[in-house]
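Engineer: Numbering (our numbering), first residue to last: 17 to 508. By construction, the Cβ of each residue, glycine as well, lies at the ideal position given by its N, Cα and C atoms.
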Ligand code: UDP
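1) Quick one: grab the DSSP three-state call for residue 162.
2) In chain order, what residues of the same chain have a beta carbon less than 8 Å from the beta carbon of residue 249, not counting five sequence neighbours either side?
3) Kindly provide the ranges of any alpha helix (DSSP H) runs that are 4 or more residues long and lie completely inside the stretch 325–366, ordered along the chain.
4) Run through the DSSP bridge pairs and tell me what residue 140 is partnered with.
5) Taking C-alpha atoms, which residue in 414, 400, 41 lies nearest to residue 406?
6) With respect to the alpha helix (DSSP H) encompassing residue 235, which residues constitute its N-terminal and C-terminal limits?
7) Can you tell me which of the three DSSP states residue 79 falls into?
8) State yes or no: is the C-beta of residue 165 nearer than 8 Å to some heavy atom of the ligand UDP?
9) Any residue with its C-beta under 5 Å from a non-hydrogen atom of the ligand UDP counts. Can you list them all in chain order?
10) What three-state label does DSSP hand residue 121 in the structure shown?
11) What is the rounded straight-line gap between the Cα of residue 342 and the Cα of residue 314?
12) When DSSP labels each residue in this structure, what does residue 209 get in the three-state scheme?
13) When we look at the beta-carbon of residue 492 and count the other beta-carbons within 10 Å, is it buried (16 or more) or exposed?
14) If distances are taken between C-alpha atoms only, which option among 347, 290, 361, 99 comes closest to residue 36?
15) Around the C-beta of residue 195, are 16 or more other C-beta atoms found within 10 angstroms, so that it is buried, or is it exposed?
16) Checking the sheet assignment: what are the DSSP bridge partners for residue 405?
17) For the beta strand (DSSP E) that residue 238 lies in, which residues bound it at each end?
18) What's the call for residue 227, buried or exposed, on a 16-neighbour Cβ count within 10 Å?
19) For residue 256 and residue 318, what's the separation of their Cα atoms in angstroms?
20) May I have the straight-line CA-CA distance separating residue 483 from residue 370, to the nearest angstrom?
21) Return the Cβ separation of residue 325 and residue 353 in integer angstroms, given the expectation that the two are a contact with Cβ distance under 8 Å.
22) Per DSSP, which one or two residues make a beta bridge with residue 289?
23) By the 10 Å Cβ neighbour count, where 16 or more other Cβ atoms means buried, how is residue 168 classified, buried or exposed?
24) Quick one: grab the DSSP three-state call for residue 148.
25) Can you say whether residue 395 is buried or exposed, counting buried as having 16 or more other CB atoms within 10 angstroms of its CB?
26) Do residue 38 and residue 59 come within 9 Å of each other at the CB atom, strictly closer than that value?
27) Taking only three categories from DSSP, how would you classify residue 193?
28) What does DSSP give as the partner residues of residue 396 in its beta bridges?
29) Let me know the secondary structure DSSP gives residue 37 once reduced to three states.
30) Below 9 Å between beta carbons: does that hold for residue 389 and residue 465?
31) Can the beta-carbon of residue 25 be found less than 9 Å from the beta-carbon of residue 41?
32) Spatial neighbours of residue 420 within its chain, please: CB distance less than 7 Å, with the 5 preceding and 5 following residues excluded, ordered by chain position.
33) Could you check the C-alpha separation between residue 110 and residue 334 for me, to the nearest Å?
34) Tell me, to the nearest whole angstrom, how far the beta carbon of residue 320 is from that of residue 332; I am working on the premise that it is less than 8 Å.
35) Cβ atoms of residue 330 and residue 364: under 9 Å apart, would you say?
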């Protein structure tokens with residue numbers, strides 16, 4: 017880039033959860049691999065996670081600086097260290113968290129307005145989804161502001177359609193299915209209760225926050241998506257046309273690391289999960305995970321667990337929050353699954369952080385029961401892995417339609433109702449919630465997922481084709497490679 021101004025991109029991942037921080041850090045590493053220096057702004061409690069991913073992206077990681085700016089937890093009445101939404105304990109804390117995030121935004125702005133002592137000037141800001149304050153900072157600095165939602169382009173297209181055409185307001189009940197007709201000839205039939213929180217009458221965020229986020233969405237200069245143009249049947253182009261902005265698909269960003277690099281940085285627990293997989297036959301294992309924060313109510317977890325221990329395949333099951341489960345369920349887990357890594361165990365429960373990208377790339381894994389979080393969905397696609405879909409909340413029911421109906425790489429478990437979470441502000445005690453999906457229903461989905469017949473083979477073939485496209489997208493001249501250039505070049 018001799019003779020030109022070297023662009024400097026500042027990325028500020030949303031503090032919603034680890035699943036927002038992971039892909040934005042990876043985007044930072046990808047931008048750096050195109051020769052542009054990057055700063056990732058985060059908070060002290062999240063900085064080690066960002067730094068460790070950056071360190072693994074060597075040699076490009078060297079061009080990524082990680083800056084920690086304090087997050088005002090105690091001033092906002094939040095417990096110390098509560099620097100991510102997924103660490104909150106009750107819906108009542110959610111508005112306080114958003115208040116603290118505004119103050120965090122002011123602190124970031126002060127950091128960039130220090131006159132002569134100012135750190136390297138940004139030439140572009142890429143803001144995580146709820147950092148609405150980033151727009152004012154970008155405008156003050158006279159630089160473009162992009163948003164990274166963490167959703168795929170199809171989901172964003174559906175959300176745009178819902179905002180503009182409001183089909184959900186014409187249905188008689190929360191369970192009546194209606195179509196979001198954005199990707200003809202495919203249908204996207206969902207119910208009102210399955211929609212993301214943008215369209216819910218009450219969330220613990222409050223309507224004001226949702227409105228502010230919508231205004232931010234509409235005001236930014238462009239959208240960065242963790243996807244590839246070839247994947248979502250033209251959704252990126254349709255989205256760009258619908259919102260009148262640039263939409264740059266730069267993924268799958270998980271491919272910026274080799275799964276083997278992840279192996280080197282793994283915890284002892286994670287290494288044991290990998291060793292357990294090493295002892296299993298090719299494509300024989302079902303991997304089960306509900307993401308970084310997804311927790312099923314105990315009664316539902318029990319139905320799932322009974323299916324997993326009695327199905328004919330070995331299972332690697334990630335259980336989040338296992339320590340806070342009711343004692344009788346903990347007892348059941350102890351008796352029926354193997355948490356001690358016995359090599360021939362049938363159902364291994366992973367209580368720690370599972371190295372998901374490496375697991376999905378392991379030859380022993382033959383199917384993924386997923387909550388359809390977009391990060392997991394794209395990681396599965398990058399690994400050529402068929403899925404069984406069990407959406408929990410957010411935009412996951414829309415992702416399920418993409419996986420099953422549009423891409424043809426998944427089978428639906430058949431969940432109709434979302435699982436409560438901290439944003440849905442319910443007064444009901446989730447621990448008492450009944451199971452919607454029984455053991456038999458889970459078993460049927462697993463049988464279809466692991467099916468060796470025509471249907472199963474068709475899904476595996478499509479998954480392999482998508483994997484090849486995903487790999488090509490980030491290679492020199494591939495669509496995501498070109499989109500990274502389109503992000504950087506106008507700043508030169
Ligand atoms: N993840 C992981 N190990 C775990 C749980 C989650 O590596 O034990 C990662 C997963 O690979 C993905 C992210 O966490 O990158 C989850 O993101 P997703 O969008 O699928 O779901 P969310 O956590 O937002 O519900």
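Structural biologist: The short version:
1) strand
2) 170, 199, 202, 422
3) 343–352
4) 25
5) 414
6) 223–235
7) helix
8) no
9) 35, 38, 307, 308, 334, 369, 370, 372, 389, 390, 391, 392
10) helix
11) 7 Å
12) helix
13) exposed
14) 99
15) exposed
16) 386, 428
17) 238–241
18) exposed
19) 43 Å
20) 22 Å
21) 6 Å
22) DSSP output for residue 289 lists no bridge partner at all.
23) buried
24) coil
25) buried
26) no
27) strand
28) The partner list for residue 396 (beta bridge, DSSP) is empty, contrary to what the question assumes.
29) helix
30) no
31) no
32) 405, 426, 427, 428
33) 26 Å
34) At roughly 14 Å, the Cβ-Cβ gap does not stay under 8 Å, so residue 320 and residue 332 are not in contact.
35) yes
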